[in-house]
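Heads up, the thing below is written out as C-alpha cells.
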Amino acid sequence: MPALKIPESVPFQIDPMRWEDITEVMEIERRAFSMPWPIRAYEQEILRNPNAHYLVLRPREVRAAVPALPPQRLPILGYGGFWLVPDEAHVSTIAIDAPWRGRGLGELMFLALVEEAIALGANLITLEVRASNFVAQNLYRKFGLEITGRRPRYYRDNNEDALLMTVEGVRSPAYRERLEALKAQLWARLRSAGPIPIHRSGAN
Ligand SMILES: CC(C)(COP(=O)(O)OP(=O)(O)OC[C@H]1O[C@@H](n2cnc3c(N)ncnc32)[C@H](O)[C@@H]1OP(=O)(O)O)[C@@H](O)C(=O)NCCC(=O)NCCS
323 MPALKIPESV
333 PFQIDPMRWE
343 DITEVMEIER
353 RAFSMPWPIR
363 AYEQEILRNP
373 NAHYLVLRPR
383 EVRAAVPALP
393 PQRLPILGYG
403 GFWLVPDEAH
413 VSTIAIDAPW
423 RGRGLGELMF
433 LALVEEAIAL
443 GANLITLEVR
453 ASNFVAQNLY
463 RKFGLEITGR
473 RPRYYRDNNE
483 DALLMTVEGV
493 RSPAYRERLE
503 ALKAQLWARL
513 RSAGPIPIHR
523 SGAN
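In short: position in the sequence shown from 1, add 322, done, that's the working numbering.
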C-alpha cells in the first residue's frame, strides 16, 4: 500500500508497480525517453532489487468511448521509482505519458515518490536530470530540490551533462509543511479532472 493517501474525490490512484504492468510501462518508457531502459532493467528492479521502489499512476475510473463496452482495465498514465540506500532516496525514473502531461500528474507521481521515500526512512532525495530538461527541473524545484552538482557528458546519446538535484531534511516539520501545502493545491487541481476517456482498448 503506497504511503501517499489520495482523497477519494481525486480521480487518480497510485499502486506499487508489478511485473504484470511491464508491457504498459515499457510502452510509455519508449515514448518518453531517448535512451529507454531495456525490459531486463525493470525485471531486475521489480523482481530482484530490494532497495528499489516503483509506483504506477492510474485513473480511479475510466469512461468508455462506447458506453456499452464492458468495464475497461485501468490504464497506466505514468510511473516512477527510486532506490533507497540507506537514508538517501535516489529517484531513478519518472514519466507521465505525453497525452497526460501538464495536468499535475507528474507532480502527483513525484509527491507519491517523496512520501514513499520518507515513509521508508529517507532524509535526503536526490536525482540526475538532463541539463536541457527544464520541465523536470521545474517540477523538482517545486519540491525543494536544488542543483548540487553536474556530471559532464553523462548521457551517452548526445553527450549532454546531467545536473544533480538534491533536497535534504525531508523528515523535518518545515518540509512536511511544504508537502502539505503542495498537496492542498494539487488536490484542488486534480479534482476537476473527471473520468479519463478511453479511446483504444486499455490505453490512451
Ligand atoms: C517531467 C514530467 C514527469 C512532468 O510531468 P507533467 O505531468 O507534465 O508535470 P505537471 O503537469 O505535474 O507539472 C508539474 C510542474 O512541472 C513543471 N512543468 C510542467 N510542464 C511544464 C512546461 N511545459 N514548462 C515548464 N515547466 C513545466 C512546472 O513546475 C509544473 O508545476 P506548475 O504546474 O505549478 O507550473 C513529464 O514531462 C515527463 O514524463 N517527461 C518525459 C520524461 C522525463 O523527462 N522524465 C524526467 C527524467 S529526469
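Note that CB positions come from ideal geometry on N, CA and C, so glycine has one too.
Since we're looking at a predicted model, the values are computed, not measured.
Checklist entry - What residue range is occupied by the uninterrupted alpha helix (DSSP H) comprising GLU499? => result Looking up residue 499 in the sequence shown gives position 177. Unbroken alpha helix (DSSP H) run through GLU499: 495–513.
Next on the checklist: Can you determine whether any heavy atom of ligand 1 sits closer than 6 Å to the C-beta of GLY516, and answer yes or no?
Outcome noted: The sequence position of residue 516 within the sequence shown is 194, counting from 1. Not so, every heavy atom of ligand 1 lies at least 6 Å from the Cβ.
Checklist entry - Going straight from the alpha carbon of ARG511 to that of TRP405, what length do you get? => result One-based indexing of the sequence shown puts residue 511 at position 189. One-based indexing of the sequence shown puts residue 405 at position 83. Cα-Cα distance, rounded: 29 Å.
Checklist entry - First and last residue of the alpha helix (DSSP H) that includes PHE432? => result If you number the sequence shown from 1, residue 432 lands on position 110. Its alpha helix (DSSP H) spans residues 427–441.
Item to check | Delimiting residues of the beta strand (DSSP E) encompassing GLU450 | outcome: Within the sequence shown, the letter at position 128 stands for residue 450. GLU450 -> beta strand (DSSP E) spans 446–452.
Checklist entry - Is any heavy atom in ligand 1 found nearer than 6 Å to the beta carbon of ARG500? => result By one-based count along the sequence shown, residue 500 stands at place 178. It does not: the Cβ of ARG500 is nowhere closer than 6 Å to a heavy atom of ligand 1.
Next on the checklist: Under 6 Å: does the beta carbon of ILE416 sit that close to some heavy atom of ligand 1?
Outcome noted: Walking along the sequence shown from the start, residue 416 turns up at place 94. Yes; taking the cut-off as 6 Å, the Cβ of ILE416 has a heavy atom of ligand 1 nearer than that.
Next on the checklist: Do LEU508 and GLU429 have their beta-carbon atoms positioned less than 7 Å apart in this structure?
Outcome noted: The residue labelled residue 429 in the question sits at position 107 within the sequence shown. The residue labelled residue 508 in the question sits at position 186 within the sequence shown. Result yes, Cβ atoms of GLU429 and LEU508 sit closer than 7 Å.
Checklist entry - Do the segment 367–383 and the segment 490–497 make contact, defined as three or more Cβ pairs closer than 8 Å? => result no
Checklist entry - Tell me, which residues are paired with PRO519 by DSSP? => result Residue 519 sits at position 197 when you count from the first residue of the sequence shown. According to DSSP, PRO519 bridges with ARG385.
Checklist entry - Would DSSP call GLU264 helix, strand or coil? => result This structure leaves residue 264 out entirely; the chain is present only between 323 and 526.
Item to check | N-terminal and C-terminal residue of the beta strand (DSSP E) that LEU406 is part of | outcome: For this step, residue 406 is matched to residue 84 along the sequence shown. 400–406 is the span of the beta strand (DSSP E), which, as asked, contains LEU406.
Item to check | ligand 2 heavy atom lying under 6 Å from the CB of LYS464 | outcome: With respect to ligand 2, the structure offers nothing, as its ligand set consists of ligand 1.
Item to check | Test item: CB-CB of ILE328 and ALA417 under 7 Å | outcome: On the sequence shown, residue 328 is found 6 positions in, with the first residue counted as 1. On the sequence shown, residue 417 is found 95 positions in, with the first residue counted as 1. For ILE328 and ALA417, no; Cβs fall outside 7 Å.
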